[in-house]
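Read through the structure below, which is laid out as structure tokens, and then see the notes.
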Amino acid sequence: MACFITFEGVEGSGKTTQIGMAADHLRQCGLPCLVTEEPGGTPLGRRIRDILLNRHSFAITALSELLLFQASRCQHVETVIRPALESGSIVLCDRFTDATLAYQGFGRGISMERIHRLNEIATASLKPDKTFLFDVPVELGLSRASHRMDMQRDLPREDRFEKEALAFHQQVREGYLFLAEKEPDRFIVLDGTREIGDLQQEIRHRLNSWIGG
Ligand SMILES: Nc1ncnc2c1ncn2[C@@H]1O[C@H](COP(=O)(O)OP(=O)(O)O)[C@@H](O)[C@H]1O
Ligand SMILES: [Mg+2]
1 MACFITFEGV EGSGKTTQIG MAADHLRQCG LPCLVTEEPG GTPLGRRIRD
51 ILLNRHSFAI TALSELLLFQ ASRCQHVETV IRPALESGSI VLCDRFTDAT
101 LAYQGFGRGI SMERIHRLNE IATASLKPDK TFLFDVPVEL GLSRASHRMD
151 MQRDLPREDR FEKEALAFHQ QVREGYLFLA EKEPDRFIVL DGTREIGDLQ
201 QEIRHRLNSW IGG
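So in my numbering, the last spot in the sequence shown is 213, and the numbers never skip.
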């Protein structure tokens with residue numbers, strides 16, 4: 001059964017850890033499953049990801065940043081997500097439209113209305129069926145993310161957002177919680193400070209109830 005599920009939360013909240021484990025579970029149940037991420041998910045998206053997540057010698061304006069995220073998303077939806085859903089796959093996506101509302105809206109202060117409009121255009125109105133939101137205190141998330149990057153020295157240090165002030169991350173966290181409150185049927189808010197295995201158990205339980213795995 002095609003189903004589009006997104007994983008959201010601040011840096012270091014546990015999205016990537018949990019999405020991989022969730023995919024393993026679905027595959028073990030014999031269900032076709034695609035794991036993908038934003039920004040990225042396509043060759044074009046990965047080029048844009050490098051611009052957005054790595055630090056450069058030039059500044060990027062808030063609106064340019066928003067449009068780059070949306071260009072990556074448009075390519076991703078058209079060439080990867082929609083075809084996978086149409087072929088009956090379950091799609092698990094690490095960040096999607098809510099991240100743009102949280103970061104560029106609540107974080108950078110771009111109007112929600114403007115972001116909604118661009119989200120609609122970039123996705124041709126595709127919406128996640130369900131969204132896991134990992135909620136953690138931002139200090140904890142940032143320290144986990146920084147530790148992870150120290151451990152993965154061979155990978156590019158994607159820390160352009162990590163370098164933002166604590167207040168920025170706090171606005172993002174509150175923004176996510178606000179979005180979740182507005183759509184309680186779509187969002188599952190999980191306390192990301194819980195144990196990895198304990199969180200995964202709850203995620204599997206939810207997936208089984210939606211998909212019948
Ligand atoms: N529930 C958890 N408890 C403790 N550490 C965690 C938990 N979830 C993830 N981590 C660790 O925190 C770091 C960041 O997790 P990650 O899944 O990469 O977060 P995100 O993708 O949300 O930035 C990783 O080193 C990971 O092993
Ligand atoms: Mg991640």
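Just so it is clear, CB atoms sit at the ideal spot from N, CA and C, and this is done for glycine as well.
Nothing here was measured: the structure is a model prediction, and the numbers come from that model.
Query - Contiguous alpha helix (DSSP H) assignments of at least 4 residues, all confined to the stretch 74-138 - result: The stretch 74-138 is shown to contain whole alpha helix (DSSP H) runs of 4 or more residues at 82-86, 97-100, 112-123, in chain order.
Query - Near ligand 2: T131 beta-carbon under 7 Å from a heavy atom - result: Answer for T131: no, Cβ out of range of ligand 2.
Requested in this report: Look at the alpha carbon of A167 and the alpha carbon of D135, and state the distance between them as a whole number of angstroms.
Outcome: For A167 and D135, the distance between alpha carbons rounds to 16 Å.
**Report entry** First through last residue of the beta strand (DSSP E) which encompasses F4
**Finding:** Unbroken beta strand (DSSP E) run through F4: 3-9.
Query raised in the report: If we cut at 8 Å on Cβ distances, does Y176 have a partner in chain B?
Result: Looking for chain B here will not work: only one protein chain is present.
Query raised in the report: So, helix, strand or coil for D159, using DSSP?
Result: coil
Query raised in the report: Listed in chain order, which residues are found with a beta carbon closer than 7 Å to a heavy atom of ligand 2?
Result: K15, T16, D94
Query - alpha helix (DSSP H) segments (min. 4 residues) lying fully within the stretch 13-81 - result: 15-28, 43-53, 62-76
Report task. Return helix, strand or coil for G213, following the three-state DSSP convention. Result -> Reliability fails at G213, whose pLDDT of 49 lies under 50, so the model's placement of it is uncertain and no value is given.
Query raised in the report: By the 10 Å Cβ neighbour count, where 16 or more other Cβ atoms means buried, how is D198 classified, buried or exposed?
Result: exposed
Query raised in the report: Quick one: what's I188 bridged to in DSSP?
Result: F132
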